[in-house]
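Working notes, beginning with the structure itself.
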Amino acid sequence: MEMENQMESQKRRGKSNDNLISDRTGALGCVGWTIVILSGLFTFLLFPLTIWFCFRIVQEYERAVIFRVGRIKDRKPKGPGVFFILPCTDSFVKVDLRTVSFDIPPQEILTKDSVTVSVDGVVYFRVSDPIASVANVSNADFSTRLLAQTTLRNVLGTKNLAELLSDREGIAHSMQSNLDEATDHWGIKVERVEIKDVKLPHQLQRAMAAEAEAAREARAKVIAAEGEMNASRALKEASLVIAESPSALQLRYLQTLNTIASEKNSTIIFPLPMDVMSHFMRK
């Protein structure tokens with residue numbers, strides 16, 4: 001359903017743009033055609049000289065929107081290559097179709113949980129409809145830059161600090177869809193939006209660092225306590241095994257002596273069995 005709604009909205013916007021263009025490419029009228037005919041005669045009579053004013057060249061990545069007596073000449077822009085204009089009645093505007101990138105200046109934004117942060121980003125866009133970018137907005141590039149700043153504020157104002165730090169990709173997609181929808185009738189296609197950096201106040205950074213340090217210390221204490229508990233259980237099981245066989249304790253004594261002797265110590269501590277001490281204590 002969402003895809004169908006998007007397709008229908010795109011069709012409606014396309015039809016509205018076509019209607020605007022068709023209105024602008026209407027008949028020139030009697031006065032307009034008179035001026036065009038006079039300009040054609042003037043160009044023909046002075047053909048060797050006017051040839052340099054009649055032919056224009058646009059690059060592969062450019063398109064030319066031609067105005068004849070103030071009206072857009074055709075539904076499609078001219079180019080790339082060579083095209084013909086009348087010197088006196090025609091004028092044209094070059095439109096660059098390459099992808100343009102610009103940085104969104106750092107914006108002081110108050111998040112949903114009342115935290116002030118500074119956020120900046122980058123936007124990539126291109127001109128998809130040269131005629132609409134010239135006829136529907138005075139400066140498509142500047143208007144897109146201003147709209148990106150306000151959209152960044154509006155989108156991030158509905159997010160918590162945790163969402164802002166963890167869901168940058170989702171925020172970028174939301175900004176891209178909002179910008180693309182708003183600039184569609186300007187003939188602008190927003191290709192990509194990225195959040196570059198999120199700057200937090202120093203006091204908030206210290207508070208978050210202290211919170212993270214306290215959480216790490218708490219986890220370390222829990223892990224150490226679990227290790228002590230597991231070690232005590234292992235010692236208990238080992239004591240039960242040794243209690244079942246007295247000779248196992250003697251072997252353990254010998255292993256301890258062997259370990260001490262391998263280190264070449266001058267002092268050797270010989271463990272005395274507790275049952276021998278208990279025999280003397282009874283007497």
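Read the sequence shown against full-length UniProt numbering and you will find it ends at 283, with the numbers running on by one and no gaps. Note that CB positions come from ideal geometry on N, CA and C, so glycine has one too. Bear in mind that the values here come from a model prediction, so they are computed numbers and not experimental data.
Asked: Residue from P130, A148, I35 with nearest C-alpha to W186; Found: P130
Asked: Three-state class that DSSP yields for V137 in the structure shown; Found: coil
Asked: Segment limits, alpha helix (DSSP H) that includes A161; Found: Note that residue 161 is Leu in the sequence shown, not Ala. Looking at the DSSP string, the run of the alpha helix (DSSP H) that includes L161 is 161-166.
Asked: Cβ-heavy atom distance, T99 to the ligand ATP, below 6 angstroms; Found: Although the ligand ATP was asked about, the structure shown includes no ligands whatsoever.
Asked: C-alpha distance - K73 paired with A172, whole-angstrom precision; Found: 39 angstroms
Asked: Element boundaries [beta strand (DSSP E), containing V69]; Found: No beta strand (DSSP E) contains V69, which DSSP labels as neither H nor E.
Asked: Buried/exposed call for P201, threshold 16 Cβ in 10 Å; Found: exposed
Asked: Proximity to F55 [Cα-Cα], best of L45, A140, F84; Found: F84
Asked: Contact set for I109: own chain, Cβ-Cβ below 8 angstroms, skip 5 residues either direction; Found: T116, V117, S118, V119, L152, R153, L156, G157
Asked: Unbroken stretches of the alpha helix (DSSP H), 4 residues or longer, contained in the UniProt domain "Band 7" (53-212); Found: 130-135, 140-156, 161-166, 168-182
Asked: Residue from N178, P105, A162 with nearest C-alpha to S114; Found: A162
Asked: Cβ neighbours of G40 in the same chain (closer than 7 angstroms, five flanking residues each side left out); Found: L86
Asked: F47 versus T89: straight-line alpha-carbon distance, rounded; Found: 16 angstroms
Asked: Closest residue to A132 among E217, F125, K76 (Cα-Cα distance); Found: K76
Asked: Nonlocal neighbours in the same chain, by C-beta distance under 7 angstroms from S22, ignoring five residues either side; Found: Since pLDDT at S22 reaches only 47, below the 50 mark, its modelled position is unreliable, and no value is offered.
Asked: Rounded separation between A248 and L254 - CA only; Found: 10 angstroms
Asked: Where F142 falls, given that 16 or more other Cβ within 10 Å makes a residue buried; Found: exposed
Asked: Distance CB(T111)-CB(F125) smaller than 7 angstroms; Found: no
Asked: 8 angstroms contact criterion, which V69 and I104 should meet: CB distance rounded; Found: Not quite, the Cβ-Cβ distance comes to about 40 angstroms (not below 8 angstroms), so this is no contact.
Asked: Nearest residue (CA-CA) to E191, options N139, R98, V222, G227; Found: R98
Asked: Residue environment, A214, which counts as buried when at least 16 other CB atoms sit within 10 Å; Found: exposed
Asked: Distance CB(G81)-CB(K196) smaller than 7 angstroms; Found: no
Asked: A238 versus I260: straight-line alpha-carbon distance, rounded; Found: 21 angstroms
Asked: Separation of N160 from E217, as counted between CA atoms; Found: 26 angstroms
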